[in-house]
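Number of protein chains: 2
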Amino acid sequence: MMNDKKKLTLKDIGRELGISVSTVSRALKAHPDIAEETIKLVKEYAETHNYVPNFLAVNFRKNKTFNIGLIVPELVHHFFSTVISGAISEANRQGYNLLVSQSNDILKDEILASRAMLNSSVDGLLISISNETVEGDHLREFLNEGKPVVQFDKITDYLPTPKVIVDDFDGAYSAVKHLIDEGYTRIAHIRGREDVKNSSERCAGYLKAIQDHNLESDPDWVKVCRKISDQEGYDFAKELMESKNPPNAIFCITDLVALGVLRYLKEKGYHIPKDVGLIGFSNWMLSRVSTPQLSTVEQHGFQMGVDATNLLIEMIGNHDVENLKTVEIKTELVIRESTTLSKA
Amino acid sequence: MMNDKKKLTLKDIGRELGISVSTVSRALKAHPDIAEETIKLVKEYAETHNYVPNFLAVNFRKNKTFNIGLIVPELVHHFFSTVISGAISEANRQGYNLLVSQSNDILKDEILASRAMLNSSVDGLLISISNETVEGDHLREFLNEGKPVVQFDKITDYLPTPKVIVDDFDGAYSAVKHLIDEGYTRIAHIRGREDVKNSSERCAGYLKAIQDHNLESDPDWVKVCRKISDQEGYDFAKELMESKNPPNAIFCITDLVALGVLRYLKEKGYHIPKDVGLIGFSNWMLSRVSTPQLSTVEQHGFQMGVDATNLLIEMIGNHDVENLKTVEIKTELVIRESTTLSKA
DNA sequence: TGCATTTTCGCAATCGTTTGCACAAACCAT
DNA sequence: ATGGTTTGTGCAAACGATTGCGAAAATGCA
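In order, the protein sequence lines correspond to chains F and B. FYI, the numbering for the first sequence is 1 to 344, going by full-length UniProt numbering. FYI, the numbering for the second sequence is 1 to 344, going by full-length UniProt numbering.
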């Protein structure tokens, strides 16, 4: 019994009340031109008869959808889902809905997803680009139609849009500084691909911290992950520890990789944090429930989602404002068991 | 330099080509009434001038948005984000976009989210209800407007909608049977709240397996989590193992809880799987990267997202079809180190 | 050649809401 | 009373695409 009852329209109300459609429309938004009396009459009728505007018509008329698009490389990912959570929260608060899609880190998929969103007429786009995205012509299409784009986390500087990013450099620096403060002297880093900005920033922060404290550094102590998997962590840990010059602490690009490292170290009987210090990045749930619990760097993903959404909605409002601001979100060191040598 | 160039409309094309709007419209969809020649002409013009229909207008006219709403209790959750991933994939494949929102397991938020979606005019809704949802009047509003709803995972039988669920009973049964096959005889269960269907189903499967194999059972072996946290797992493990009648295997409602159990057991020096067998549910990434790796039950969340979306889109097509089918997705046992006593 | 089809296209209404403008009624001041 | 302002309302166009219907042009057949 699909109850396909026709929805009430302005025309219906006008007919019933013996007034014109335009008056009804204006009365409902309490336009100053309309008599108080009429406004009350209309509003009451609308209320009791449960009038709800046809948003398809409104959107069409206003050329606005109150929908925002969001594209991430991967949805099933602690950090990104946290960002999305923040974006939804803020979008809803401001009366917007969020359309979500993912690129699987494949450019072709990202283009498809963005086209689908452009078509479905979102008012703006939040995007964390795929590893394969460089030029981003598909994103320019948004700008060409006057629809704002805000990049977050994984960004490209090729596109003239505002950006919301984590201060990766600083986060990495303080993670490594923490290791140093705890007394570790031979610190390795398992990083991500060179062409991904976040991973380069973190690596730079790592190097700077080492340098600032005049610690030994060894090119062989920097390993490059391609897939950011725990298995890579395991394998690189093996490589590092079996080398002629093994480190006594490892800073990993992300918690998952650190967990792989942890697995290797425990398997070989190393004591953590006594023999080897270990710190990750991102503060996934993983890091809190592992044994020992992993020290890590909180990225405030929720806040990133909120900020990016805010920026975007602001731009949707002021169409003509050229906004190229970059918001940098400060990280926060989360110290747990895997690095607290001083208390071990 | 917001490039607010007006988009090309049918009217523009008609004017340029000296034909009427209606002919242009029909030509673009190769209507049989239109001459081949005209069709080619129009299509070529549209192509080279990059015509793209104004979907706001189309949607308004057709009273359809090609958007689907999806609401889950929690977005930052391995299982749910996996389901969403499947839903997005299938929705996009069929030309739909997915609007995502979350209820935080709070009824009030769920109502807000569903209203927002109803307003923004989705064509249908996928929902996994919050723990607080019982009657679901806010979901009836969808049905009343002729918009189909499909429930998945966390469902209520009060609503006349199709459902896609995991065969929790069977999954739990086979998990426990696996423990039994491995030689465990005293099996405890840490379950979820009684008023949540999934957790009751799993508990029922557990009990049935125990009973079918004539194993000892003890009411004190069934513990009830309220928040499904790892800390609860830790605490209940302590309770269980310190009791007068400690079990030698534990089946947990979810991997996270199992991880808490694992933490306790390792802390107290129990060997897993030799001293105590441990199996979780859901196959989160957590379970694969813990030490020892956790046995668990794969729920095929991605498939659930795909199936639910499929069902919904089918119903959007056939508005009048009364579809109350329930799709039950089979689970799959994932055997890892934490239960393989026979090989330990 | 004349009439009946068929082919091809345009007119105009429609979806529901918004909004510029005109206009009538009511008011005020001179 | 006259002219001018204020107040309240309605008319009609507009947004862009779709579609039923009618009509002109082209074709077929006798």
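For every residue, glycine included, the Cβ atom is placed at its ideal position computed from N, Cα and C. In this text, all values refer to a predicted model and were calculated from it rather than measured experimentally.
The beta strand (DSSP E) enclosing residue i, as first and last residue numbers
i: B/I190; result: I187 to R191
i: F/C252; result: A249 to C252
i: B/K268; result: B/K268 -> no beta strand (DSSP E), and no H or E assigned at all.
i: F/F302; result: Premise fails: F/F302 lies in the alpha helix (DSSP H), G301 to G317, not in any beta strand (DSSP E).
i: F/Q293; result: Counting along the chain, F/Q293 falls outside any beta strand (DSSP E), and DSSP gives it neither H nor E.
i: F/L125; result: G124 to I127
i: F/A277; result: According to the sequence displayed, residue 277 of chain F carries Gly and not Ala. Segment G277 to I279, the beta strand (DSSP E) holding F/G277.
i: F/K163; result: K163 to V166
i: B/R67; result: Sequence check: residue 67 of chain B is Asn here, not Arg. Its beta strand (DSSP E) spans residues N67 to V72.
Euclidean distance between Cα positions of residue i and residue j
i: F/I19; j: F/E47; result: 17 Å
i: F/L134; j: F/D195; result: The residue asked about is misnamed: residue 134 of chain F is Val in this sequence, not Leu. Using only the alpha carbons, I get a separation of about 10 Å.
i: F/L8; j: B/L262; result: 59 Å
i: B/E216; j: F/S338; result: 41 Å
i: B/A344; j: F/M241; result: Note on B/A344: pLDDT 49, under 50, position unreliable in the model; no value is reported.
i: B/E267; j: B/V122; result: 51 Å
i: B/I279; j: F/D168; result: 37 Å
i: B/D230; j: F/M285; result: 10 Å
i: F/G183; j: B/V276; result: 38 Å
i: B/I335; j: B/T296; result: 7 Å
i: F/A172; j: F/D181; result: 14 Å
i: B/E328; j: F/H300; result: 37 Å
i: B/R26; j: F/R26; result: 37 Å
i: B/P246; j: B/G269; result: 15 Å
i: F/Y51; j: B/I129; result: 27 Å
i: F/P273; j: F/T65; result: 53 Å
i: F/A188; j: F/V222; result: 6 Å
i: F/K11; j: F/L312; result: 35 Å
i: B/M1; j: F/I316; result: Note that B/M1 scores a pLDDT of 36, beneath 50, so its modelled location is shaky; the value from the coordinates is reported in the next line. So the two alpha carbons sit approximately 15 Å from each other.
i: B/E132; j: B/L324; result: 23 Å
i: B/D4; j: F/G146; result: With a pLDDT of 46 at B/D4, under the threshold of 50, the modelled position of this residue cannot be trusted; read the value that follows with caution. Using only the alpha carbons, I get a separation of about 5 Å.
i: F/Y96; j: F/L207; result: 42 Å
i: B/S22; j: B/K62; result: 16 Å
i: F/L256; j: F/G233; result: 8 Å
i: B/N318; j: F/S287; result: 47 Å
i: B/I190; j: B/P219; result: 11 Å
i: F/K40; j: F/P53; result: 18 Å
i: B/H78; j: F/P73; result: 16 Å
i: F/K29; j: F/I228; result: 54 Å
i: F/L56; j: B/A57; result: 8 Å
i: F/G69; j: F/S101; result: 8 Å
i: B/N104; j: B/S200; result: 21 Å
i: F/L17; j: F/V42; result: 8 Å
i: B/S290; j: B/C203; result: 25 Å
i: F/F152; j: F/N198; result: 11 Å
Residue i, enclosing alpha helix (DSSP H) - first and last residue
i: B/K62; result: F55 to K62
i: B/N119; result: L107 to N119
i: F/T331; result: That residue, F/T331, is in no alpha helix (DSSP H); it is neither H nor E in DSSP.
i: B/S22; result: V21 to L28
i: F/Q94; result: Element bounds for F/Q94: n/a, residue is neither H nor E.
i: F/K223; result: Where F/K223 is concerned, there is no enclosing alpha helix (DSSP H), although the beta strand (DSSP E) it sits in stretches over V222 to V224.
i: F/V42; result: E36 to T48
CB-CB length for residue i against residue j, believed under 8 Å
i: B/I155; j: B/G192; result: The pair is not a contact, with the Cβ atoms about 15 Å apart (cut-off 8 Å).
i: B/A258; j: B/L294; result: 6 Å
i: B/V149; j: B/G124; result: 7 Å
i: F/D170; j: F/G205; result: 6 Å
i: B/I34; j: B/I71; result: Rounded, the Cβ-Cβ distance is 43 Å, inconsistent with contact.
i: B/N248; j: B/T185; result: 7 Å
i: B/L159; j: B/G136; result: 5 Å
i: B/F60; j: F/F60; result: 4 Å
- [ ] Say whether the segment 139 to 152 of chain F touches the segment 115 to 123 of chain F, bearing in mind that this needs 3 or more beta-carbon pairs closer than 8 Å, one atom from each stretch.
- [x] yes
Task: Residues within the segment 110 to 139 of chain B neighbouring chain F, beta-carbon criterion of under 9 Å - done: L112, A113, A116, M117, L118, N119, S120, S121 and V122
Open item on the list: Does the contact criterion of 3 or more C-beta pairs under 8 Å hold for the segment 84 to 91 of chain F versus the segment 301 to 320 of chain F?
Closed with: yes
Open item on the list: Is it the case that the segment 92 to 108 of chain B contacts the segment 91 to 110 of chain F, given that we only count it when at least three CB pairs across the two stretches are under 8 Å?
Closed with: yes
- [ ] Quick one: which residues of the segment 89 to 101 of chain B get their C-beta closer than 7 Å to a C-beta of chain F? List them in chain order.
- [x] N92, N97, L98, L99, V100 and S101
Task: Stretch pair the segment 173 to 186 of chain F + the segment 204 to 222 of chain F: three plus CB contacts closer than 8 Å - done: yes
Task: Proximal residues, the segment 226 to 253 of chain F versus chain B, C-beta separation under 8 Å - done: D230
Task: Positions along the segment 66 to 83 of chain F whose CB lies within less than 9 Å of some CB in chain B - done: F66, N67, G69, L70, E74, L75, V76, H77, H78, F80, S81 and T82
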